[in-house]
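Enquirer:
Protein chains in written order, with this note's numbering: chain A, 1 to 277; chain B, 1 to 268; chain C, 1 to 250.
Okay, structure coming up:
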């Protein structure tokens, strides 16, 4: 379709009149952002129609959900909820990042540490850690510590394993190169292995943050009704469905925006071979 | 093996020279149960370019890495300037087949990496690196990253890095195998010019007969499985001639033909 | 790791950790950690109870149903996205968003839409597993070497034949890899779904054990679940290796 249009442009001869579909196609090819707009519009209209039918009494329209969201932003409940939710999330991720990267790097560098710890983290990553979240309330009650621990439980294994794999799979050719120039073991680690592993380690951090979001929501829904989890539970209990949906959608959007931002950062600064100048 | 032995061909000889910089004595290498090299005896003359040539699987890269100290020999020893090799040393520098450039570092930092590891001051290593970046023809590219360069340019970075540490012996592991044909020819010519200026010893691994004959003072033919020295050839070629004349010279063509006769039996 | 020449398999370190657990448990430091031997005893008793068997059947059924749906929807959608740019452009945003979204937040919504029962758990499993299956199927279809497609064309394959014989078979390793990760995510989905719904299957048992502080039973159930998850991923890995021979050709 587009190739025939281009041919017409080049030769200056328009044999067949350009129809609407072709025009749209060209516009979409020229501006990829239009696809995102169309994609969003499609889902939101489907949501609106499903809410208007309604497919369930517990299914508000898109517009009602947006209105509820705006209301909660304006009266400050949203900000307060996120203030409570982001604390354990940031704290948990920071702790997981520091310990996870250190443990992962040590496992990648030392065969003894690998033997001792890799199986544990392999089990923890493949296993449904969510089952253990209720346990933390026994020890730490329902405060910030419990929520932070829930985040760590879900985020730490994936960060550890990614750092470990990144270090283990550091480019052997670069390591041989460093040896051939008589680099010491320390130089090899600092100047070759860590920089070579950092993109994968960062990607692991990103996955850890995604897991952390799941963990904090689980903790708030399951053990400590505070923050965004409380917004969801409360509005559900009073059948305020538009508000409940707005809270759920907001946490999904926040997590998506965070992760997309991190991915962009990763491409921009950590992977020079993929960077566009 | 050809029976008509010409004056410059030694067979199964531990080729000796007056001033060997690298001496390989009875080196064997066995991986698990595969015998890669058997009892290699070789001398590499100072200031000359010696090529290890052979079909794939003859252990030529293994031998080069043993000389580099990157992998240990199963038996036998390698001496460089009279000292037994136990690992990599400052008198040897290696050029890698896959370039082994750090993707996160600029051309400048890559070339200066050997000096950086030795703790040379930033200003000094910048000066030395710049000098070799210019010599390999990459002036103006010092702030580029490897992914912004073509394959041939990347290997020039690898060669500049090896030159920058001022080693006596340069070990080149199929340096042009990932470079396309046109660039490879240009590269070979540039290499010959660099060799003339730098006066270093080169040990060069390749599987290209033409490349070996074109650049080498001496060619060591290895036979495969296990790798042994099957023939040593000193091409009798006038290097002062122009590249085109060399490639048309009867001596060049005859040597290529002769080596091909020796290797033909190993082709699959 | 090797000790005096003997190679010790990596998973053997779990025995070390098990022993450590036993010691900590015997010392009676925290009620949360009973001795491992006690947990095993409780586990043996637990699997003989009718409530565990019933819960296991419900859990397996929700998991199987959810996974069937996820594979049945995910693979075709991924292939469509890989073949048709318009589908890819329209769906890509949502698939990429949900693949790493905190889906645990969505479970309460599912609970009011589908009730506090198995349906919610099935949908949770589906939502946890489907996105990665879509993405991997899409990637598999997109990285079919163009030379392979051209080869098919030059030998007269077209349309359906080309799709089935070349594109689908060539994408199979990626599709299976997606299903493997999907299954592991599905296990997490079934657990999260059941724990949040908390009145069916293992969720009900977890709730019961933790409310009445039956730590041995709680850990026994957890370990059964962990073992099942590990076993599942090991099985898929074996299966994947059997088809890897032709994936390795690329």
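Virtual Cβ for every residue (Gly too), placed ideally from N, Cα, C.
So which of 97(B), 214(B), 142(B) has the shortest CA-CA distance to residue 241(B)?
Expert: Residue mapping note: residue 241(B) aligns to position 241 of the second chain, counting from 1. Of the candidates 97(B), 214(B), 142(B), the one whose C-alpha sits nearest the C-alpha of residue 241(B) is 214(B).
Enquirer: With a threshold of 8 Å between beta-carbons, can residue 153(B) be considered close to chain A, or not?
Expert: Working through the second chain from its first residue, we reach residue 153(B) at position 153. No, its Cβ sits nowhere closer than 8 Å to a Cβ of chain A.
Enquirer: So which residues on chain C does residue 61(A) lean against when the C-beta distance must stay under 7 Å?
Expert: Reading the first chain from its first residue, position 61 is the one you call residue 61(A). Here the premise fails: no neighbours, minimum Cβ distance about 15 Å.
Enquirer: Can you tell me whether DSSP reads residue 217(C) as helix, strand or coil?
Expert: As a working note, residue 217(C) is residue 217 in the third chain. Helix, per DSSP.
Enquirer: Pull up the distance between the alpha-carbon of residue 143(B) and that of residue 59(A), whole angstroms please.
Expert: The residue you call residue 143(B) lines up with position 143 of the second chain. The residue you call residue 59(A) lines up with position 59 of the first chain. Rounded to the nearest angstrom, the two C-alpha atoms are 58 Å apart.
Enquirer: Could you give the DSSP three-state label for residue 41(B): helix, strand or coil?
Expert: Taking the second chain and counting its residues from 1, the one referred to as residue 41(B) is at position 41. Here residue 41(B) sits in strand by DSSP.
Enquirer: Residue 17(C) CB to nearest chain A CB: under 8 Å?
Expert: Translated into the one-based positions of the third chain, residue 17(C) becomes position 17. Closer than 8 Å: yes.
Enquirer: Going along the chain, which residues of the segment 107 to 132 of chain B sit with their C-beta nearer than 7 Å to a C-beta in chain A?
Expert: 113, 114, 117
Enquirer: Measure from the C-beta of residue 188(C) to each C-beta in chain A and report whether the shortest distance is under 8 Å.
Expert: Against the third chain, residue 188(C) aligns to sequence position 188. Taking Cβ atoms only, chain A reaches closer than 8 Å to residue 188(C), which makes this a yes.
Enquirer: Taking Cβ-Cβ distances shorter than 7 Å, what residues in chain B pair up with residue 174(A)?
Expert: Your numbering for residue 174(A) matches position 174 in the first chain. Going along chain B in sequence order, the residues near residue 174(A) (Cβ under 7 Å) are 100, 102.
Enquirer: Bridge partners for residue 220(B) per DSSP, in chain order?
Expert: The residue you call residue 220(B) lines up with position 220 of the second chain. DSSP lists 52(B), 232(B) as partners of residue 220(B).
Enquirer: Is the beta carbon of residue 35(A) sitting closer than 8 Å to the one on residue 44(A)?
Expert: For the purposes of this step, residue 35(A) is identified with residue 35 of the first chain, where counting begins at 1. For the purposes of this step, residue 44(A) is identified with residue 44 of the first chain, where counting begins at 1. No, these two residues do not count as a Cβ contact at 8 Å.
Enquirer: Whose Cβ in chain A lies nearer than 7 Å to the Cβ of residue 90(B)?
Expert: Start at 1 with the first residue of the second chain, and residue 90(B) comes out as number 90. Here the neighbours are 182.
Enquirer: Quick one: any contact between the segment 242 to 261 of chain A and the segment 185 to 203 of chain A, if contact means 3 or more CB pairs under 8 Å?
Expert: No, the segment 242 to 261 of chain A is not in contact with the segment 185 to 203 of chain A.
Enquirer: To which residues of the same chain is residue 269(B) closer than 6 Å at the C-beta, ignoring the five residues directly before and after it?
Expert: Lying before the first or after the last residue shown, residue 269(B) is absent from chain B, which here runs from 1 to 268.
Enquirer: In terms of alpha-carbon separation, which member of 197(B), 218(B), 196(B) lies closest to residue 204(B)?
Expert: To locate residue 204(B), count along the second chain from 1; it is residue 204. Nearest of 197(B), 218(B), 196(B) to residue 204(B), Cα basis: 218(B).
Enquirer: Quick one, which of 226(C), 218(C), 53(C) has its alpha-carbon nearest residue 31(C)'s?
Expert: Looking up residue 31(C) in the third chain gives position 31. Nearest of 226(C), 218(C), 53(C) to residue 31(C), Cα basis: 218(C).
Enquirer: The beta strand (DSSP E) that contains residue 173(B), what's its start and end?
Expert: Residue numbering aside, residue 173(B) sits at position 173 when the second chain is read from its first letter. For residue 173(B), the enclosing beta strand (DSSP E) starts and ends at 169 to 173.
Enquirer: Is the Cβ-Cβ distance between residue 61(C) and residue 129(C) less than 8 Å?
Expert: In the third chain, counting from the first residue as 1, residue 61(C) sits at position 61. In the third chain, counting from the first residue as 1, residue 129(C) sits at position 129. Against a cut-off of 8 Å, the Cβ pair of residue 129(C) and residue 61(C) comes out as no contact.
Enquirer: Give the residues of chain C in contact with residue 138(A), contact being defined as C-beta atoms less than 7 Å apart.
Expert: Taking the first residue of the first chain as position 1, residue 138(A) is located at position 138. In chain order: 32.
Enquirer: Put residue 202(B) into one of helix, strand or coil per three-state DSSP.
Expert: The sequence position of residue 202(B) within the second chain is 202, counting from 1. For residue 202(B), the secondary structure class from DSSP, reduced to helix, strand or coil, is strand.
Enquirer: Measuring CA to CA, which of 166(B), 94(B), 89(B), 121(B) is closest to residue 64(B)?
Expert: The residue labelled residue 64(B) in the question sits at position 64 within the second chain. Measuring from the Cα of residue 64(B), the nearest candidate turns out to be 94(B).
Enquirer: Over the uninterrupted beta strand (DSSP E) stretch that includes residue 106(A), give me the two end residues.
Expert: On the first chain, position 106 is the one that residue 106(A) refers to. Annotation for residue 106(A): no beta strand (DSSP E) segment contains it, though the alpha helix (DSSP H) segment containing it runs 77 to 109.
Enquirer: For the segment 140 to 191 of chain B, which segments carrying the alpha helix (DSSP H) assignment without a break, of at least 4 residues, lie completely within its bounds, in sequence order?
Expert: The qualifying runs are 151 to 164.
Enquirer: How close, in whole Å, do the beta carbons of residue 125(C) and residue 63(C) come, if the pair is a contact with beta carbons under 8 Å?
Expert: As a first step, residue 125(C) is located in the third chain; it is residue number 125 there, counting from the start. As a first step, residue 63(C) is located in the third chain; it is residue number 63 there, counting from the start. The Cβ separation is near 6 Å, so the contact holds.
Enquirer: Would you list the one or two residues that DSSP bridges to residue 94(B)?
Expert: The sequence position of residue 94(B) within the second chain is 94, counting from 1. Answer by DSSP bridge pairing, in chain order: 171(B).
Enquirer: For residue 165(B) and chain A, any beta-carbon pair shorter than 8 Å?
Expert: The residue given as residue 165(B) occupies position 165 in the second chain. Yes, its Cβ sits closer than 8 Å to a Cβ of chain A.
Enquirer: Residue 70(B) versus chain A: which residues are under 9 Å apart at the beta carbon?
Expert: Locating residue 70(B) in the second chain gives position 70, where the first residue counts as 1. The contacting residues are 176, 179, 180.
Enquirer: Apply the 10 Å Cβ neighbour rule to residue 48(B) and answer buried if 16 or more other Cβ atoms are within range, or exposed otherwise.
Expert: Counting from one through the second chain, the residue named residue 48(B) turns up at place 48. The residue in question, residue 48(B), is buried, as its Cβ has 16 or more Cβ neighbours within 10 Å.
Enquirer: Kindly identify the DSSP beta-bridge partner or partners of residue 30(B).
Expert: To locate residue 30(B), count along the second chain from 1; it is residue 30. In the DSSP output, where bridge partners are listed per residue, residue 30(B) has 35(B).
Enquirer: Pull up the distance between the alpha-carbon of residue 230(C) and that of residue 262(B), whole angstroms please.
Expert: For the purposes of this step, residue 230(C) is identified with residue 230 of the third chain, where counting begins at 1. For the purposes of this step, residue 262(B) is identified with residue 262 of the second chain, where counting begins at 1. Straight-line Cα distance between these residues: approximately 57 Å.
Enquirer: If we count the other Cβ atoms within 10 Å of its Cβ and call it buried at 16 or more, is residue 155(C) buried or exposed?
Expert: Taking the first residue of the third chain as position 1, residue 155(C) is located at position 155. Exposed.
Enquirer: Among 225(B), 211(B), 228(B), 222(B), whose alpha-carbon lies nearest the alpha-carbon of residue 235(B)?
Expert: As a first step, residue 235(B) is located in the second chain; it is residue number 235 there, counting from the start. The shortest C-alpha separation from residue 235(B) is found at 211(B).
Enquirer: Quick check: is the beta carbon of residue 197(A) nearer than 8 Å to any beta carbon in chain C?
Expert: The residue labelled residue 197(A) in the question sits at position 197 within the first chain. No, residue 197(A) lies away from the interface with chain C (no Cβ there is under 8 Å from its Cβ).
Enquirer: Kindly indicate if chain A contains any beta-carbon less than 8 Å away from that of residue 109(C).
Expert: Working through the third chain from its first residue, we reach residue 109(C) at position 109. Closer than 8 Å to some Cβ of chain A, the Cβ of residue 109(C) qualifies, so yes.
Enquirer: Can you tell me whether residue 109(B) is helix, strand or coil according to DSSP?
Expert: In the second chain, counting from the first residue as 1, residue 109(B) sits at position 109. Helix at residue 109(B).
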